[in-house]
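Undergrad: Numbering (our numbering), first residue to last: 802 to 1071. We put the beta carbon where it would ideally sit given N, CA and C, even for glycine.
1. Is the CB-CB distance between residue 926 and residue 950 below 8 Å?
2. Going by DSSP, what residues sit across from residue 998 in a beta bridge?
3. Looking at residue 997 and residue 1038, is the spacing between their C-beta atoms short of 8 Å?
4. Under a Cβ-count criterion, where at least 16 other Cβ atoms within 10 Å of its own Cβ denotes burial, should residue 944 be classed as buried or exposed?
5. Measure how close the beta-carbons of residue 1022 and residue 1064 come, nearest whole angstrom, since I'm counting them as under 8 Å.
6. Counting Cβ pairs closer than 8 Å, one from the stretch 1044-1062 and one from the stretch 959-967, do we hit at least three?
7. Beta-carbon of residue 875 versus every beta-carbon of chain D: anything under 8 Å?
8. By Cβ distance, which residues of its chain are closer than 6 Å to residue 792, with the 5 residues on each side in sequence left out?
9. Within 10 angstroms of the Cβ of residue 881, are there 16 or more other Cβ atoms? Answer buried if so, exposed if not.
10. If residue 1032 sits next to residue 867, beta carbons under 8 Å apart, how far is it from one beta carbon to the other, in whole angstroms?
11. Does DSSP put residue 1017 in a helix, in a strand, or in coil?
12. Could you say which of 1017, 1029, 1045, 1047 lies nearest to residue 948 if we only look at CA atoms?
13. Identify, in the order they occur along the chain, each residue of the same chain with its Cβ nearer than 8 Å to the Cβ of residue 893, setting aside the five sequence neighbours on each side.
14. Helix, strand or coil for residue 958, going by three-state DSSP, please let me know.
15. Just curious, the beta strand (DSSP E) that residue 868 is in, first and last residue?
16. Can you tell me whether residue 850 is helix, strand or coil according to DSSP?
17. Thinking C-beta only, is residue 862 closer than 8 Å to residue 986?
18. Are the CB atoms of residue 1072 and residue 1000 nearer to each other than 8 Å?
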């Protein structure tokens, strides 16, 4: 049974994101970044390396515990495949429809994204089954994703696809408590800056954080944001795409249509 499950996982990953052993020689290192190579052994997964070294994609947002970004999570080709899947399922066809939700059994492409997130976390140098290895900050929040969240089944069972035209964004909010801890947000097509600010009700529980704090995070096409713990429950996130608000390192970001795919898990009903 374990062998069958391993072969099924390998087949899903290859179908979704290609077999890294058969990549064309002409594919750039940027397109390969963050790609998973599935080993012939069902219990071993090998990180893909290039001549430029390790392709680890994860970066902690150090001001906020439990907030991480994978800046090159999806290659250009993978982004195009995901957008094509969204188009085929009708998510992007109606101009008047800018949001779609799915609960319970997720479509194949969303399951593939979930597998890919899990595999990239496992391949990182920031994950431990026991979370007891030594780091510069030996707290639980200093690690990429807690094992009790990573190994839940399913990893996610709710998705929301949002389509934002230039100037459209999201108000500051904390995701509803009907969703469990551990949220992933994939960005497509347009770069933008997401701002995090402390939730008013939680400011007293945050160490060395002023209530007017605002932490900017640049989201580029193909990136994924992981939020858990403090980042998920104690910080609001927003995207203000009105003129003058979308700047990074002193430069205004050229706004285009942006697509976001948010993966969450519903709390069990009582």
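TA: Concretely, from the data shown:
1. Numbered from 1 along the chain shown, position 125 holds the residue referred to as residue 926. Numbered from 1 along the chain shown, position 149 holds the residue referred to as residue 950. Cβ distance not < 8 Å, so residue 926 and residue 950 don't count as in contact.
2. Taking the first residue of the chain shown as position 1, residue 998 is located at position 197. In the DSSP output, where bridge partners are listed per residue, residue 998 has 1037.
3. Start at 1 with the first residue of the chain shown, and residue 1038 comes out as number 237. Start at 1 with the first residue of the chain shown, and residue 997 comes out as number 196. Yes, these two residues count as a Cβ contact at 8 Å.
4. Looking up residue 944 in the chain shown gives position 143. Buried.
5. Start at 1 with the first residue of the chain shown, and residue 1022 comes out as number 221. Start at 1 with the first residue of the chain shown, and residue 1064 comes out as number 263. Not really, about 17 Å apart at Cβ, beyond 8 Å.
6. yes
7. Annotation note: the requested chain D is absent from the structure, which comprises a single protein chain.
8. The chain is shown from 802 up to 1071; residue 792 falls before or after that span and cannot be answered.
9. Reading the chain shown from its first residue, position 80 is the one you call residue 881. So residue 881 ends up on the exposed side.
10. Against the chain shown, residue 1032 aligns to sequence position 231. Against the chain shown, residue 867 aligns to sequence position 66. Residue 1032 to residue 867, Cβ: 4 Å. Contact.
11. Reading the chain shown from its first residue, position 216 is the one you call residue 1017. Strand at residue 1017.
12. As a position in the chain shown, residue 948 is number 147, starting the count at 1. With distances taken between Cα atoms, residue 948 lies closest to 1029.
13. Position 92 of the chain shown, counted from the first residue, corresponds to residue 893. Hits under 8 Å: 884, 887, 964, 1060.
14. To locate residue 958, count along the chain shown from 1; it is residue 157. Residue state, collapsed to three classes: coil.
15. Counted from its first residue, the chain shown places residue 868 at position 67. It spans 868-871 - the beta strand (DSSP E) in which residue 868 sits, taken as one unbroken run.
16. Taking the chain shown and counting its residues from 1, the one referred to as residue 850 is at position 49. Only weak support exists for where residue 850 lies, its pLDDT of 43 falling under 50; the value from the coordinates is given anyway. Looking at residue 850 - three-state DSSP - the assignment turns out to be strand.
17. Along the chain shown, read from residue 1 onward, the residue named residue 986 stands at position 185. Along the chain shown, read from residue 1 onward, the residue named residue 862 stands at position 61. No, these two residues do not count as a Cβ contact at 8 Å.
18. Only positions 802 to 1071 of the chain appear in this structure, which leaves residue 1072 out of reach.
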